[in-house]
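In my numbering, the protein residues as written are 1041 to 1379.
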Amino acid sequence: MIRVKCAVIGTGIFGEVHVHTYKKYEKAELVKICDINEKRAKEISEKYEVEYTTDYKEIANDNEIEAVSVCTPDFAHKEIVCEMLKNGKNVLVEKPMATSVEDAESMVEEAKKSNKILMTDFHNRFNPYFVNIKESFDKGEVGDISFIYTRLSDRIDVPLKWFSWSEKSGPHWFLLPHLVDLVCWFANSLPKKIFAIGKKGVLSNWGINTYDTVSAILDFESFYATIETSWIIPESWPCIVDFYFKLEGSKGRLIVDMNEQVNKISSDIKKGIFFPMIIGYFPIYNKPFGFATLPIQHFIDCIYENKKPLITIEDGLNNVKIIEKIVSSIEKGEIVKFI
Ligand SMILES: NC(=O)c1ccc[n+]([C@@H]2O[C@H](COP(=O)([O-])OP(=O)(O)OC[C@H]3O[C@@H](n4cnc5c(N)ncnc54)[C@H](O)[C@@H]3O)[C@@H](O)[C@H]2O)c1
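Below you can see the structure in the form of structure tokens.
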């Protein structure tokens, strides 16, 4: 079997999921990884037995490489993605595609010129809970959408301890892409109007000038969706996320409640109760397990079988456009038109 030669740029927390998936996927051959932080690049290179570089141009110039995952921080996707596309690579970019419409549009332009894949990694479309309710929805089991309420929030340790770049993102760029994608996926359309409110204070007191919380109403005319996100859930919360989705339909309702995980650990030694979230990614006896590995495999399958990804270029671009409008609505304090 000829395998798709691939590389990962940005091998931090989530880049490692891509590295592990490619390393173990039978249709992929992980050729090289890249991180500007040499210590991290070396660590991942040794763990997964793969060559490393600290210069992404080395990957762009490697004619053998056909597929590249770009897993750099939210604000640092454009230059790398464009360079890869210019050099004929297919690209899987982490969500959000970009943190500005301007950046996203240059990436889309480059993808169209190159005729290569540019897919944004909206992994909840591969989350079995959402795939299951979407199937029910598509069969007409709950009728038409009346409204959707959904929230995805992180514990405050994510912006405070995980990243040095939190101020250049925020819960709106880091978390809302998932909710916006889910809502548009169910709606199979785009909102007409948007109203949003956001508050700052807690994170800015820690020196991180970004939103603590954002709530938005997306008006699709025949229904509306309320989406909310927070980056300030207390560290004592047992799960790293608070994730809930509810669709009220004309004939029924669909709910995904990921707020409590199936597994619970209560520990006197670690002092607390913990609901570890393992459904997305969890290595089992060295093999990557979890729905977050599936879009990465799907990306390789698309190259292998010469087919179009389930997540289109427009899905990635419209997602950025909607979030930019959410920010615009917060700043203006008024309803903004989307289309
Ligand atoms: N952490 C999560 O739970 C998660 C989940 C899904 C998606 N994502 C997305 O994945 C992307 C990466 O997030 P993360 O959590 O892995 O962040 P991270 O900070 O852990 O990792 C980013 C890595 O990119 C490297 N990097 C930065 N600029 C670079 C450059 N020019 N060339 C090469 N390497 C560079 C950094 O050194 C770092 O190791 C983000 O867009 C994020 O939204 C993260």
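The beta carbon of each residue, even a glycine, is placed where N, CA and C say it ideally should be.
Next on the checklist: Measuring only the C-alpha atoms, how far is K1347 from W1225?
Outcome noted: Roughly 20 Å separates the two Cα atoms.
Checklist entry - Just how far apart, CA to CA, sit K1240 and Y1251? => result Using only the alpha carbons, I get a separation of about 5 Å.
Checklist entry - Does ligand 3 have a heavy atom nearer than 7 Å to the CB of P1113? => result For the structure depicted, ligand 3 is absent and the ligand set comprises only ligand 1.
Item to check | Length of the line joining the Cα atoms of I1173 and V1048 | outcome: 32 Å
Checklist entry - Mapping DSSP to helix, strand and coil, what is V1044? => result Strand, per DSSP.
Item to check | Cross-strand partners of P1323 (DSSP beta bridge) | outcome: P1323 is bridged by DSSP to P1328.
Checklist entry - Going by other Cβ atoms of all chains shown within 10 Å of its Cβ, with 16 needed for buried, is E1364 buried or exposed? => result buried
Checklist entry - Can you tell which of E1056, I1295, K1126 has its C-alpha closest to the C-alpha of I1185? => result I1295
Checklist entry - Are the Cβ atoms of V1057 and Y1321 separated by less than 8 Å? => result yes
Checklist entry - What span of residues does the beta strand (DSSP E) with V1110 cover, start to end? => result 1107-1110
Checklist entry - For the candidate residues V1108, H1163, E1145, whose alpha-carbon lies nearest to that of N1127? => result V1108
Item to check | Closest Cα partner of L1215 within the set E1345, K1377, I1272 | outcome: I1272
Item to check | Other residues of its chain near P1349: CB distance less than 8 Å, five sequence neighbours each side excluded | outcome: Closer than 8 Å at the Cβ level, and outside the excluded window around P1349, lie I1157, M1159, H1338, F1339, C1342.
Checklist entry - Quick one: Cα of M1317 to Cα of I1280, how far? => result 7 Å
Checklist entry - If you check the beta carbons only, do E1150 and C1122 fall under 8 Å apart? => result yes
Next on the checklist: Give me, in chain order, the residues of the same chain whose beta-carbon lies closer than 6 Å to that of T1253; leave out the 5 immediate sequence neighbours on both sides.
Outcome noted: K1239, S1270
Next on the checklist: Just to confirm the assignment, what range does the alpha helix (DSSP H) spanning M982 have?
Outcome noted: A query on residue 982 cannot be resolved here, the shown segment of the chain reaching from 1041 to 1379 and no further.
Checklist entry - Leaving out five residues before and five after K1232 in sequence, what residues of the same chain have Cβ atoms less than 8 Å from its Cβ? => result Around K1232, the same chain offers D1259, F1260, E1261, K1377, F1378, I1379 as residues with beta carbons nearer than 8 Å, after the five sequence neighbours per side are excluded.
Item to check | Alpha-carbon to alpha-carbon, R1043 and K1153 | outcome: 25 Å
Checklist entry - What are the boundary residues of the beta strand (DSSP E) that M1159 is part of? => result 1158-1161
Next on the checklist: Could you check whether L1222 and N1164 sit closer than 8 Å to each other, using their CB atoms as the reference points?
Outcome noted: yes
Checklist entry - From which residue to which residue does the beta strand (DSSP E) around D1194 run? => result 1185-1194
Next on the checklist: Rounded to the nearest angstrom, what separates W1213 and T1333 at their Cα positions?
Outcome noted: 21 Å
Item to check | Straight-line gap, L1230 to L1219 (C-alpha atoms, nearest Å) | outcome: 13 Å
Checklist entry - ligand 1 heavy atoms versus the CB of N1051: any closer than 7 Å? => result The amino acid at residue 1051 is misidentified as Asn; the sequence shows Thr. Answer for T1051: yes, Cβ within range of ligand 1.
Item to check | Cβ shell of I1375 (< 6 Å), same chain only, five flanking positions each side left out | outcome: Same-chain partners within the cutoff: K1233, F1235.
Checklist entry - Touching or not, the segment 1195-1209 and the segment 1302-1319, by the rule of three or more beta carbon pairs under 8 Å? => result no
Checklist entry - Is DSSP giving K1286 helix, strand or coil here? => result strand
Next on the checklist: Using only the alpha-carbon positions, how far apart do P1328 and T1061 sit?
Outcome noted: 6 Å
Checklist entry - Going by alpha carbons, who is nearest to S1193 out of K1045, I1313, S1368, W1277? => result W1277
Next on the checklist: Is Y1096 close to ligand 1? I mean its beta-carbon at under 7 Å from any heavy atom of the ligand.
Outcome noted: For Y1096, the Cβ falls inside the 7 Å cut-off from some heavy atom of ligand 1.
Checklist entry - Which stretch, first to last residue, makes up the beta strand (DSSP E) that contains Y1092? => result 1091-1093
Checklist entry - Taking C-alpha atoms, which residue in P1136, G1292, N1303, V1242 lies nearest to P1274? => result Shortest Cα-Cα distance from P1274 to any of P1136, G1292, N1303, V1242 involves V1242.
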